[in-house]
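Trainee: Going line by line, the protein sequences match chains A and B.
Under my numbering, the first sequence is numbered contiguously, ending at residue 278.
Under my numbering, the second sequence is numbered contiguously, ending at residue 1286.
Right, I'll just put the structure down here and ask away after.
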Amino acid sequence: MNSPAASAPTPSFLERNDFLIRRLHSLSGLVPVGAYMCVHLITNASLLGGASVFQNNVFTIHSLPFLPLIEWVFIFSPIIFHAVVGIWIAKSGRSNLQNYRLTGNRRYTWQRMTGYIAIIFIFTHVFHLHGWFHSDWWLKSVAEPMGMAQFRPYNAASSLANAMNSLGVVWPIFYAIGVLACTFHLANGIWTAGITWGVWLTPKSQNRASIACALFGVLIGMAGLSSLVAVKTTDAKAAEVIENEMYKSRIDAHTITPDDHKRSGTHESVEVKPVPVQ
Amino acid sequence: MIAPGNEATTKRRPAKINVRILRQDGPGLPGYWERHQVDYEPDMNVISVLQKVAAQAKTSEGQKVPPVAWDCGCLEEVCGSCTMVINGRVRQSCSALVDRLLEDDANEIELRPMTKFPVVRDLMVDRSRLFRSLQRVKAWVPVDGYYDMGAGPRISREEQEQNYPLSQCMSCGCCLEACPQFNKIEIQRQPGETNEDYAARKNAAFDQGFVGPHAISQAMLFNSHPVGKNMASERMEALTATGGVQACGNAQNCVAVCPKEIPLTTSIARAGRAATVYSIKKIFDR
């Protein structure tokens, strides 16, 4: 029965480490990717409090040392890992929603569809606002001429408003679809992760968890959509004046170091040079 | 005995029943649809329709054809052998009552073999992968002899109530047919290949695929049996190997189509929890 078959295919690396890879995929979706997404959407929603509140939060984030390293280790790499393994997992199944129109089956199919949307959305979004890489050559001669890499952390609200309004309603609609897809993917992903790791076992407890995840999704989705509304109602000119004042006071208070890369190109280049500490 | 059809169904009683069958002459050959027409009788099931179809061996166009082949055994939904796809949904043909099917679609009954298993002929499929999965997870209680070992350990009522539903599995394959993560693996016999070589080649291919909800559930059943527990770590090893419990996509179709209403998704979640504990132990205990 168990005689070694002559033509048995040697399992690939992915197949041999199936369990570990899929569990890491599940974990990476919760932490750091899912956790990061919550922080990100809540920070965005702080724009509802006005350009100065949002700018203050962005200053705090940008006061972290080694920010590019943090981005790559805790944000970009996990997202890329989650996306690549996610595509592999999605391709390992075949949806049969036509024959079995059941709620769970619908969620299974949507989880994969929103995953694909999220990949397209996140990669475009990071290119649009961040630019992917910090190299000057890349930003100046590739990303910016394409209308990408538009966000300026030290002119947060104004540069964001300009970037989002640059193509009429195209960007806001693109972001609304992307944010809602990510929200469903995270909320439903938390629910399936609870089954995968064995947190909720019975149909009753899975039902309760499902309701909790749906509520969570509604909250996070509302945070995401409300920040889009806030962007739409932001007066970029007025915001930029406030941001430049805040920049000066931050420089004066030595809480940030001057960095023109993080500012909009339109500001008058009258830098307030910090007086070196004697 | 089953009471004769009620008022509502007698009113809609047709003279003839149209049946559309996806036929296949042998393994690996292309399938083709065929229409048959049989006389209506009260209280028919799909098996009795198939008996008439095979007996007349004639399509509704009047063409003589070889009798349709299908599999069946107990005729009371406990053996699982007559499982097929009826009107797009997997179920046992013995418990698929014609009057109910005609309520869904009065014009036609559609019969197809299960799509996740290799077709032997017409509606007969080879479910050997299903049984190979049970071997993979060692779904049995090991007994190493026939001598009297005395009374076994007591099983609490709670545990009995948890295990009894799992023991009702009849290995029919409904859960596998409806599972989007369980895909067909068909290995053709090569010319001159012995039975043993063919079986070994098939099993090697099956072992790379998803074990399926039925096997996960049986592993949980035997892992909570006082004697079966002895092999718990071997079962967990199988459930965390290639195609183990991690291949589940949580579509939860299995539990929705299970004719025995076995809490398969609860078993899968229990297996997930056990796999979490087992894999962490494996890392830190070595």
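Ideal Cβ placement from N, Cα and C applies to all residues, glycine included.
What are the complete alpha helix (DSSP H) segments, minimum 4 residues, inside the segment 42-82 of chain A?
Mentor: Listed in chain order, they are 51-62, 67-70.
Trainee: Check whether chain B comes within 8 Å of A/W197, counting only Cβ atoms and requiring the distance to be less than that.
Mentor: Yes, because at least one Cβ of chain B sits closer than 8 Å to the Cβ of A/W197.
Trainee: Three Cβ pairs or more, each shorter than 8 Å: is that satisfied between the segment 100-116 of chain A and the segment 30-40 of chain A?
Mentor: Short answer: they don't touch.
Trainee: Kindly list the residues whose CB is nearer than 7 Å to the CB of B/I1187, restricted to its own chain and excluding five residues on each side of it in sequence; keep chain order.
Mentor: Taken in chain order, the residues that qualify are R1201, K1202, A1205.
Trainee: Consult DSSP for A/Y100 and reduce its assignment to one of helix, strand or coil.
Mentor: Reduced to three states, the DSSP call for A/Y100 is coil.
Trainee: Around the C-beta of B/D1148, are 16 or more other C-beta atoms found within 10 angstroms, so that it is buried, or is it exposed?
Mentor: It counts as exposed.
Trainee: What does DSSP give as the partner residues of B/M1084 in its beta bridges?
Mentor: Answer by DSSP bridge pairing, in chain order: B/R1091.
Trainee: With 9 Å as the limit, tell me which residues of the segment 1268-1279 of chain B have their beta carbon closer than that to any beta carbon of chain A; keep them in chain order.
Mentor: Answer set for the segment 1268-1279 of chain B: I1268, A1269, R1270, A1271, G1272, R1273, A1274, A1275, T1276, V1277, S1279.
Trainee: Quick one: is B/M1231 buried, meaning 16 or more other Cβ sit within 10 Å of its Cβ, or exposed?
Mentor: Burial call: buried.
Trainee: In this structure, does DSSP put B/M1220 in helix, strand or coil?
Mentor: Correct three-state label for B/M1220: helix.
Trainee: So A/T202 contacts chain B; which residues on that side make the cut at Cβ distance below 7 Å?
Mentor: Within chain B, the residues near A/T202 are T1266.
Trainee: Which residues of the segment 16-30 of chain A have a Cβ closer than 7 Å to any Cβ of chain B? Give them in chain order.
Mentor: Against chain B - using a Cβ distance shorter than 7 Å - the residues of the segment 16-30 of chain A are R16, D18, F19, R22, R23.
Trainee: B/W1140 by DSSP, collapsed to three states: which one?
Mentor: If DSSP states are grouped into helix, strand and coil, B/W1140 belongs with coil.
Trainee: Roughly how many angstroms lie between the CA atoms of B/A1106 and B/C1179, to the nearest whole one?
Mentor: For B/A1106 and B/C1179, the distance between alpha carbons rounds to 28 Å.
Trainee: I want to see whether chain A comes within less than 8 Å of B/G1228, judged by CB atoms only; does it?
Mentor: It does not; no Cβ of chain A falls within 8 Å.
Trainee: Give, in chain order, every residue of the segment 1160-1189 of chain B whose Cβ lies closer than 8 Å to some Cβ of chain A.
Mentor: Result list: A1178, P1180, Q1181, N1183.
Trainee: My output table needs one value for B/Y1032: the three-state DSSP class, helix, strand or coil.
Mentor: Strand at B/Y1032.
Trainee: With a threshold of 8 Å on Cβ separation, who are the neighbours of B/R1286 within its own chain once the five nearest residues in sequence on each side are excluded?
Mentor: There are no such residues.
Trainee: In chain order, what residues of the segment 173-192 of chain A put their CB closer than 7 Å to some CB of chain B?
Mentor: Here the close residues are T192.
Trainee: Taking the beta carbon of B/K1116 as the centre, do at least 16 other beta carbons fall within 10 Å, making it buried, or is it exposed?
Mentor: The residue is buried, with at least 16 neighbouring Cβ atoms inside 10 Å.
Trainee: Identify every residue that forms a DSSP beta bridge with B/N1045.
Mentor: Looking at the DSSP assignment, B/N1045 forms a beta bridge with B/L1097.
Trainee: Take B/V1119 and list the residues in its own chain whose beta-carbon comes closer than 6 Å to its own, dropping the five residues that flank it on each side.
Mentor: Cβ within range, chain order: Q1024, P1113, V1125.
Trainee: DSSP state of B/I1155, grouped into three classes?
Mentor: Note: B/I1155 maps to coil in three-state DSSP.
Trainee: Report, in whole angstroms, the separation of the C-beta atoms of A/E243 and A/Q55, which I expect to be a contact under 8 Å.
Mentor: Rounded, the Cβ-Cβ distance is 5 Å, consistent with contact.
Trainee: How would you label B/P1263, buried or exposed, when you count the other beta carbons within 10 angstroms and need 16 or more for buried?
Mentor: Classification of B/P1263: buried, given that the 10 Å Cβ count is 16 or more.
Trainee: Please classify A/R16: does DSSP put it in a helix, a strand, or coil?
Mentor: Here A/R16 sits in helix by DSSP.
Trainee: What does a CB cutoff of less than 8 Å around B/A1238 pick up in its chain, not counting 5 residues either side in sequence?
Mentor: Only R1136, V1137, K1138, V1211, A1219, G1244 meet the Cβ criterion.
Trainee: Does the distance from the CB of A/S52 to the CB of A/A193 come in under 8 Å?
Mentor: No, Cβ-Cβ distance for A/S52 and A/A193 is not below 8 Å.
Trainee: Does the separation of the CB atoms of A/G93 and B/G1272 fall below 8 Å?
Mentor: Contact: no.
Trainee: According to a CB-to-CB cut-off of less than 8 Å, which residues of the segment 202-224 of chain A neighbour chain B?
Mentor: Under the 8 Å Cβ criterion, the segment 202-224 of chain A contributes T202, P203, Q206.
Trainee: Report the neighbours of A/R94 on chain B: residues whose CB is nearer than 8 Å to its CB, in chain order.
Mentor: Neighbours of A/R94 on chain B, chain order: P1180, N1183.
Trainee: Could you give the distance in angstroms between the alpha-carbon of B/V1090 and the alpha-carbon of B/V1143?
Mentor: B/V1090 and B/V1143: Cα-Cα distance of roughly 36 Å.
Trainee: Can you list the residues of chain B that A/G34 reaches, using a CB-CB cut of under 8 Å?
Mentor: Near A/G34 there are no residues of chain B at all, since even the closest Cβ is about 16 Å away, more than 8 Å.
Trainee: Within 8 Å of any Cβ in chain A, is that where the Cβ of B/R1286 sits?
Mentor: Not an interface residue.
Trainee: Interface residues of chain B around A/G115 at Cβ under 7 Å?
Mentor: Those do not exist, as A/G115 stays about 12 Å from chain B at its closest Cβ, beyond 7 Å.
Trainee: Determine the chain A residues that contact B/N1253 at a beta-carbon separation under 7 Å, and present them in chain order.
Mentor: Correct list: Y100, L102, G104, N105.
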